[in-house]
Amino acid sequence: MPHPVFNRETLLDISVNIIPLVILLFFTVFLLLFSPWPENLFLQAIALGLHLIPFVLLAILTYIAAYYI
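At position 11 of the sequence shown (counting the first as 1) the number is 361 in the numbering used here, and the numbers step up by one without a gap.
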């Protein structure tokens with residue numbers, strides 16, 4: 351039987367990455383709902399990119415770390 355990637359010990363080990371993922375997701379949703387800038391597509395795209403790119407890269411890193419732990 352194959353070993354599952356996300357078991358209890360692995361989740362404890364990668365929780366150091368899961369917590370920042372939740373924080374990034376919270377601020378991304380908050381930015382989408384309550385933008386502090388006037389309607390400017392360029393500023394919104396830059397701000398959203400600065401939230402989503404680190405989120406995606408950290409999610410990939412977390413999965414790879416969980417796989418190899």
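C-beta atoms are modelled at their ideal positions from N, C-alpha and C, and glycine is treated no differently. Because the structure is a prediction, the values reported are computed rather than measured.
Can you tell me which of the options puts its alpha carbon nearest to the alpha carbon of residue i?
| i | options | result |
| --- | --- | --- |
| I369 | L408, Y417, Y418 | L408 |
| T378 | Y413, L411, V406 | V406 |
| L411 | D363, L381, R358 | D363 |
| P404 | F356, N367, N357, S385 | N367 |
Is it true that the CB of residue j sits closer than 9 Å to the CB of residue i?
| i | j | result |
| --- | --- | --- |
| L371 | A416 | no |
| N398 | L381 | Reading off the sequence shown, one finds Leu at residue 398, where the question assumed Asn. Taking 9 Å as the Cβ cut-off, L398 and L381 qualify as a contacting pair. |
| E359 | I419 | yes |
Quick one: give me the first and last residue of the alpha helix (DSSP H) that residue i is part of.
| i | result |
| --- | --- |
| V355 | Looking at the DSSP string, V355 is not in any alpha helix (DSSP H), and its letter there is neither H nor E. |
| I414 | 391-418 |
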